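Here's the structure we're looking at; comments come further down.
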Amino acid sequence: MVRRLLEIQGGSIRVESKPGTGSLFAFTLPVQMVAAEGEVGIPLLEGQGEKVESQLLMEVVDEDLPELVELPVILIVDDDKARAAAVSSLLREEGYLGEMTDLGHVELLAEEKCPFLIIVGIPDDPVDIYRQLHLLRSRKATRHIPLVLLGGNAESPSFSLGTVDTMDKQVTRNDLVNLISRHGRQIQHAPSMTVLVIDDEPSVREYIRECLRGQGYRLLLAANGRDGIQAAIEHDPDLIILDLMMPGISGFEVVEELKRHPTACDIPVVIFSAKDLTREEVMRLGQEVEKVLTKGATSRSDLLRELRSMELLYPVQARLMDSVLRCYNLRYRQLRLAQECNRAERYGQTFSLVGWQMDYYDAYVKKYGQHWGVAALKEIVELVNSVTREGDVLVRSGEASFMLILTGTAQSVAERVAEKLRLRIRIHKFPLAGGKTGNFTASFGCVQFGIGAFSPEDLLRQLNALMAFAMKSGGDRCICSEVGES
Numbered sequence: 000m001v002r003r004l005l006e007i008q009g010g011s012i013r014v015e016s017k018p019g020t021g022s023l024f025a026f027t028l029p030v031q032m033v034a035a036e037g038e039v040g041i042p043l044l045e046g047q048g049e050k051v052e053s054q055l056l057m058e059v060v061d062e063d064l065p066e067l068v069e070l071p072v073i074l075i076v077d078d079d080k081a082r083a084a085a086v087s088s089l090l091r092e093e094g095y096l097g098e099m100t101d102l103g104h105v106e107l108l109a110e111e112k113c114p115f116l117i118i119v120g121i122p123d124d125p126v127d128i129y130r131q132l133h134l135l136r137s138r139k140a141t142r143h144i145p146l147v148l149l150g151g152n153a154e155s156p157s158f159s160l161g162t163v164d165t166m167d168k169q170v171t172r173n174d175l176v177n178l179i180s181r182h183g184r185q186i187q188h189a190p191s192m193t194v195l196v197i198d199d200e201p202s203v204r205e206y207i208r209e210c211l212r213g214q215g216y217r218l219l220l221a222a223n224g225r226d227g228i229q230a231a232i233e234h235d236p237d238l239i240i241l242d243l244m245m246p247g248i249s250g251f252e253v254v255e256e257l258k259r260h261p262t263a264c265d266i267p268v269v270i271f272s273a274k275d276l277t278r279e280e281v282m283r284l285g286q287e288v289e290k291v292l293t294k295g296a297t298s299r300s301d302l303l304r305e306l307r308s309m310e311l312l313y314p315v316q317a318r319l320m321d322s323v324l325r326c327y328n329l330r331y332r333q334l335r336l337a338q339e340c341n342r343a344e345r346y347g348q349t350f351s352l353v354g355w356q357m358d359y360y361d362a363y364v365k366k367y368g369q370h371w372g373v374a375a376l377k378e379i380v381e382l383v384n385s386v387t388r389e390g391d392v393l394v395r396s397g398e399a400s401f402m403l404i405l406t407g408t409a410q411s412v413a414e415r416v417a418e419k420l421r422l423r424i425r426i427h428k429f430p431l432a433g434g435k436t437g438n439f440t441a442s443f444g445c446v447q448f449g450i451g452a453f454s455p456e457d458l459l460r461q462l463n464a465l466m467a468f469a470m471k472s473g474g475d476r477c478i479c480s481e482v483g484e485s
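Structure (structure tokens):
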């Protein structure tokens, strides 16, 4: 409720908490000029409507306040405190906040911190790992958070990667469909989603087939781990549903082999296993975990690649959203552009970027106040959402600048999108105090992957140069790479 009230007024709120210490809440609100006796009028911006009510000029003293950076949170559940501290330090170096905790406090901390990942340390008795996984999956606050298993020691930690979700074999049809749909939303503009099921039990494979019948999915079935690995490499499915307990090659070994393949490594995996394992199965599960983690420690780069991928699946928890405008932020832009460039190089898929800067935004804020500047930016977000596709990605790239990532889109189409937005912004009436309205224009740039730019850095450099040229040329126009002014 507090956050909603602050956002309505153009403000924001952040929280920092430490178990056993307490929580610190910090909020910001824009300074508004208040009308009073002896008012002094503020000059109008050139070319805008009738004079607004005069306002009292006031002196604002700028203070250098420490910036509150919201890092994406990863919980570390590990009895080995030295190992947990080493992993926490590694994560901090890469821009994550690793919070160490134990099973007794993980649910409370998960509710408070909203992590996008939990790292679970293998206990001294590896058989206990099943008990830990079962506890995490039985609690409301942690049941849907992806898990990564942690082995090794403080000097050389090792990670078993690939688990983005887990599900009980007694799952209902609705829960199964909802889980797959959640991952399906990450597949942009795919005609149908391909799901690979790897399970040695015919009854389980048939149950999943019946659950997904008529849902629009393409289903691949594999009866063992070796066939599953081959199917994953040959067919490149969008999601793998994998049983842990299989004869021959176990589910953990399947995950490990897929994660070392250059293309299959990016496929999300859902662990699908029985709720009640026998003592022998629990012992084997613990041994398999230990074997996978001992066989080959995952490199730091492998771990970071997996974390980046998981962040995109859980953007809110990974702090990839702008808290004020409710669109993606610069961290998301960095991750998504790298992903799109890799996809374009690997599969030959094209994409385009449309960027724009609101013309004379600083003057608008100086005249009407920060509150109405933020209100205008929120209107911009609504305008963009009304003219773009569901899969298009809107990023706030600066105080008053934005970028659209248009997947599967050539520059000629992106130009039309940019021109439509430019005209919508120019004619839109932005709300002001007393029922009055203000006006804006914007300077646009448009680039396509492969036209003079093949990396995120090149694309952004080219896009920013085009936007700057559009503004220098008078604003309210769109300049596109190697095409000219539109």
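Okay, so the sequence shown: first residue is 0 according to numbering that gives the first Met the number 0, each after it adds one. Glycine is no exception: its CB is placed at the ideal position from the N, C-alpha and C atoms. These numbers come from a predicted model, not from an experiment.
- Taking C-beta atoms as the reference points, S308 and P261 fail to come closer than 9 Å.
- One alpha carbon belongs to V105, the other to F251, and they sit about 24 Å apart.
- By the C-beta criterion, the region 135-142 is judged not to be in contact with the region 85-95, since fewer than 3 inter-stretch pairs fall below 8 Å.
- Looking at the backbone, the Cα of R172 and that of R421 are separated by about 46 Å.
- Setting aside the 5 residues that flank it on each side, K419 is surrounded in the same chain by V386, each with a C-beta closer than 8 Å to its C-beta; the list follows chain order.
- In this structure E256 is buried. Its beta-carbon is surrounded by 16 or more other beta-carbon atoms within 10 angstroms.
- In chain order, L319 place their CB closer than 6 Å to the CB of R330, counting only its own chain and leaving out the 5 sequence neighbours on each side.
- I404 places its beta carbon 9 Å or farther from that of L465.
- Residues of the same chain with a CB within less than 7 Å of the CB of Q461, apart from the 5 flanking positions on each side, are V446, G451, A452 and S480 in chain order.
- A check of alpha carbon separations from A153 across K80, M99 and G215 identifies K80 as the nearest.
- The three-state secondary structure of I232, taken from DSSP, is helix.
- Excluding residues up to 5 positions away in sequence, P18, L74, E98 and T100 lie with their Cβ nearer than 7 Å to the Cβ of L108 in the same chain.
- The region 363-379 makes no contact with the region 340-353, as fewer than three CB pairs between them are under 8 Å.
- Judged by DSSP in its simplified three-state form, L352 adopts strand.
- For S442, no alpha helix (DSSP H) segment is defined; the enclosing uninterrupted segment is the beta strand (DSSP E) at A441 to Q447.
- Going by DSSP, F468 is part of the alpha helix (DSSP H) stretching over P455 to K471.
- For the pair of segments examined, the region 405-415 was found not to touch the region 423-440: the number of CB pairs separated by less than 8 Å stays below three.
- The three-state reading of DSSP puts E481 in coil, since its state is none of H, G, I, E or B.
- Across the set G227, E111, E389 and H234, the C-alpha of G227 shows the shortest separation from the C-alpha of G247.
- For G437, same chain residues with a beta-carbon under 6 Å away, outside a window of 5 residues either side, are F429 and L431 in chain order.
- Classified as exposed, A25 has fewer than 16 neighbouring CB atoms from the shown chains inside 10 Å of its CB.
- The straight-line gap separating the alpha-carbon atoms of R13 and K112 is approximately 11 Å.
- In the DSSP annotation of this structure, L70 is not part of any alpha helix (DSSP H), being labelled neither H nor E.
- The C-beta separation of F439 from A417 comes to about 15 Å, leaving the pair out of contact by the 8 Å criterion.
- Taking 9 Å as the cut-off, the Cβ atoms of Q333 and P114 do not count as close.
- For the beta strand (DSSP E) assignment, the uninterrupted runs of no fewer than 3 residues enclosed by the region 89-129 are, from N- to C-terminal side, 96-100 and 116-120.
- I121 places its beta carbon less than 9 Å from that of G150.
- Counting along the chain, L211 sits inside the alpha helix (DSSP H) bounded by residues P201 to L211.
- Residue range Y216 to A221 is occupied by the beta strand (DSSP E) that includes Y216.
- DSSP, read as helix, strand or coil, puts G474 in coil.
- Between M357 and S396, the C-beta spacing is not below 9 Å.
- Residues Y327, R332 and M402 of the same chain have their beta carbon placed closer than 6 Å to that of V394, with the five preceding and five following residues left out of the count.
- Going by beta carbons, D237 and A222 fall outside the 9 Å limit.
- Following the DSSP letters along the chain, one finds S155 in no alpha helix (DSSP H), marked with neither H nor E.
- Our two residues, L146 and L96, have alpha carbons roughly 16 Å apart in a direct line.
- The three-state reading of DSSP puts Y359 in coil, since its state is none of H, G, I, E or B.
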